[in-house]
Amino acid sequence: MAIETFIDLEDSSDEESIKTSAVSVKHDVELEATSDEESVKAVVSSNSIDLTEDDNNDVEFLRIASPTSLTDDRIVIGSQIESVVSKLGIHLQPGMCVEIVSGEDAGDFLLVTEIRSGKGKHPILVRGFLARRTRRINNMLAKRMNELCLIEKKEIHHVGWEPVDKSLVAVPLDRIGPQRQFILTHEDFPVHSFRETPSFYNGDCTDKEIYDNGVLVCRWRHVVYTDASCVSTKLEVKEEALIRISPGDCIAGFTSQRSGHDARESHRGTPNDEADKQGHSDQESIITPTALPSCVKRKKLDSSSGHCPKRSRTGADSFSGGSYTSNNETDIEHYTYGDICAGAGGTASGAAQAGLTMKFLLDHWQVACDTLQSNFGPSSVYKAKILNTDIFSFCIGPGSEDYRVDILHISFPCQTHSPAHTTKGKNDSANTACGYSVGPILEKCSPRVVTLEQTSGIITHREGWHFRALIHQLTVAGYSVRWQIINMAEYGGPQARKRLIIIASAPGETLPRFPFPTHGKARRLKPFTTIQDCLSLAPLNDDNDMLQFTAKPLSRAYNANTALSQAITCDGGAGDKHPSGGRSFNLRELALLQTFPPEHKFAGRTKTTIRKLIGNAVPCCFATTLFASIAKALRLADGGRDVVVVD
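Going left to right, the sequence shown walks through residues 1 to 647 as full-length UniProt numbering numbers them.
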């Protein structure tokens, strides 16, 4: 029996038809979490290791930012012009949407903000924001005719500072084509599109006529963050995001003003009758043109007052099962947490330390489930439900169990995407197929925020197809998403472990940012964690199983007050050498180097099994910082000011 997942990249009316193959996930295949960790080497000197240096394996995953045809940094901008007539006879003015018909950005659209005089070959320049058809966003958005995505570029000059917006572009007047009707909206497809017009249903327009003249609808922003602090003249992409247009967004005179409660409460399963009690109206949104012909404003009217009242969050709104009370200005709430492919519980430990309430942890490996049971099961203080099952069985299981959570983490098996994976394994196909189950998982758990962890190799493996398919599944479900390669050493890990981290938020929810690094060379940061920092936490009385180590040929001892030279892997890795020089790290020491709590228990009796559990884990220190940051973002979104998370 198999579950088939299809990625529908276009609707039947689109200008380009792309088919993707179905992926079958066999639920009777055991998805063991085998070794996938790449050995990430830091720059090693005699007594120190630079944990901020990019390793050779990581450089290929950081693409160079591609500039648009003309940007402010490449041309001279002159005085402002109120309006101008294009070669097509169109009186251009700010607030219009026009098509770019030639140059590097041909086929894109410009939301005009101003017109300026130029010099030389380009005497008149039209400035504004770019919008691109979703079919040209690298297969990460659904390919639907006349659906657009705003293109934004931001430069990061210093960690902790707000990025500098570099989204404005300048296009020569002779490259400007016809004016187009443009709608900026946060509402779901196909609302406001040509598909809702009578001419479309009557068959009065051909696909080409719709493509060339039909209304354009923008629901997304593609934001590219570049690192402007690097020495190189070429800006490297540090982070990317695909974000749903939110209510109240105002870009180049195009404003979305409809209330944002609908998408959020609909996703979280608020009953219709309760929404009615809160003053929500089922009335359709009203489209009101502004003074500019290509602008629209949206507002949702309450039948009585003419506005959408602010909705207060109550205990009934939360499906977390935790308590929610309000005491003056202080709200106390438990945000619930679920974990898919939880392994030994690295991210779960971080979530617990961040104050989240454990709801369920899932893995298909019995030893991993035994480990989870010992640390987070019903007999522990966390009382989480431990699921020993595969993803297929979980997704099609009985609907009586409630697995909806506020925050969900997924660590799909990633060894097939790792540069270190050079020999085909028996579970490769099944492990790869797991990555195509995002849709059913989201439908089952309805998380407000979902995080995913993967090897950075997935960005380039198979030309990045699996990575883009992962992002595509999130955006098709309506989730905003951002991703970045994270150096775990910058969050308290003793090793330069680089991993791809993805954060996605449900429709209507604010997309949390990545937390700022906590460790580094800057004076305001904590110093990098050393081997000694970790080993000093070893418990005095430990299980004998955790004291196992491997004897090594006697070699020169090294300073433990430095960082780990190489990442911990499932077999210990090349860096598995104790500072004494005569042995490997024992199992407890390896766990501490992965920042597991000293009291964390591991099932299994052999060194191989426990090393595998430890090596596959996400460092707990990063998970703690990540989930604490996400919980803070949720509290702010829920209207909390002095909000306290209690255990």
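Note that beta-carbon positions come from the ideal geometry of N, C-alpha and C, so glycine has one too.
Computed from a predicted structure; not experimentally measured.
Straight-line spacing of the CA atoms in proline 247 and cysteine 205 works out to 31 Å. In the same chain as proline 515, and ignoring 5 residues on each side of it, the C-beta atoms closer than 8 Å to its own belong to Tyr491, Thr625, Leu626, Ala628 and Ser629, in chain order.
Rounded to the nearest angstrom, the gap between the Cα atoms of aspartate 212 and isoleucine 100 is 12 Å. Alanine 504 is bridged by DSSP to Val450 and Val481. DSSP places lysine 238 in the uninterrupted beta strand (DSSP E) bounded by 236-244. By the neighbour-count criterion, in which 16 or more other beta carbons inside 10 Å mark a residue as buried, glutamine 495 falls on the buried side. Excluding the 5 residues flanking it on each side, phenylalanine 129 has same chain C-beta neighbours closer than 8 Å at Leu110, Leu111, Thr113, Leu150, Ile151, Glu152, Ser167, Leu168, Val169, Ile251 and Ala252, in chain order. Contact between threonine 347 and valine 618 holds, with the beta-carbon distance rounding to 5 Å and staying under 8 Å.
Taking C-beta atoms as the reference points, histidine 334 and threonine 371 fail to come closer than 8 Å. Relative to histidine 409, the option among Pro517, Gly640 and Ile501 whose CA is nearest is Ile501.
Of the residues assessed, alanine 342 falls on the buried side of the cut-off, its CB having 16 or more other CB atoms within 10 angstroms. For glutamate 463, there is no enclosing alpha helix (DSSP H), since its DSSP letter is neither H nor E. Contact annotation: the segment 516-526 does not touch the segment 542-552, with fewer than three C-beta pairs closer than 8 Å. Excluding sequence positions up to five before and after aspartate 174, its CB lies within less than 7 Å of the CB of Lys87, all in the same chain and listed in chain order. The alpha helix (DSSP H) runs of length 4 or more contained entirely in the segment 523-580 are, from start to end of the chain, 531-535. With 16 or more neighbouring CB atoms inside 10 Å of its own CB, lysine 612 falls in the buried class. Look at lysine 385 here: in three-state DSSP terms it is strand.
Along the length of the segment 157-189, whole beta strand (DSSP E) runs at least 3 residues long occupy 169-172, 176-179 and 182-184, reported in chain order.
Annotation: the continuous beta strand (DSSP E) that includes serine 117 extends over 109-117. Here arginine 404 carries a coil assignment [DSSP, helix/strand/coil]. Annotation for phenylalanine 200: Phe194 place their beta carbon closer than 6 Å to its own, counting only its chain and skipping 5 residues before and after. If the five residues before and after alanine 477 are omitted, its C-beta is found closer than 7 Å to the C-beta atoms of Gly439 and Leu442, all from its own chain and listed in chain order. Looking at the backbone, the Cα of glycine 214 and that of glutamine 179 are separated by about 11 Å.
When DSSP states are grouped into helix, strand and coil, methionine 358 belongs to the strand group.
Rounded to the nearest whole angstrom, the C-alpha separation of alanine 142 and valine 237 is 23 Å. Inclusion of leucine 148 and isoleucine 471 in the CB contact set at 8 Å is not warranted, their separation being larger than that value. With respect to the 8 Å criterion, isoleucine 531 and leucine 554 are not classified as neighbours on the basis of their beta carbons. According to the DSSP assignment, tyrosine 335 belongs to no beta strand (DSSP E), since it is labelled neither H nor E. Assigned with DSSP and collapsed to three states, aspartate 370 falls in helix. Of Arg144, Lys154 and Gly160, the smallest CA-CA separation from arginine 523 is found for Gly160. Contact check for isoleucine 210 against methionine 145 passes: the beta carbons are separated by less than 8 Å. Setting aside the 5 residues that flank it on each side, tryptophan 483 is surrounded in the same chain by Glu239, Glu240, Ala241, Ile471, Leu500, Ile501, Ile502 and Ile503, each with a C-beta closer than 8 Å to its C-beta; the list follows chain order. Counted as a single uninterrupted DSSP element, the beta strand (DSSP E) harbouring phenylalanine 129 occupies residues 124-133.
The beta carbon of histidine 122 sits closer than 6 Å to the beta carbons of Pro172 from its chain, once the five residues preceding and following it are set aside; these are given in chain order. Beta-bridge pairing by DSSP links cysteine 97 to Leu111. Taking C-beta atoms as the reference points, tyrosine 403 and glycine 338 count as a pair closer than 8 Å.
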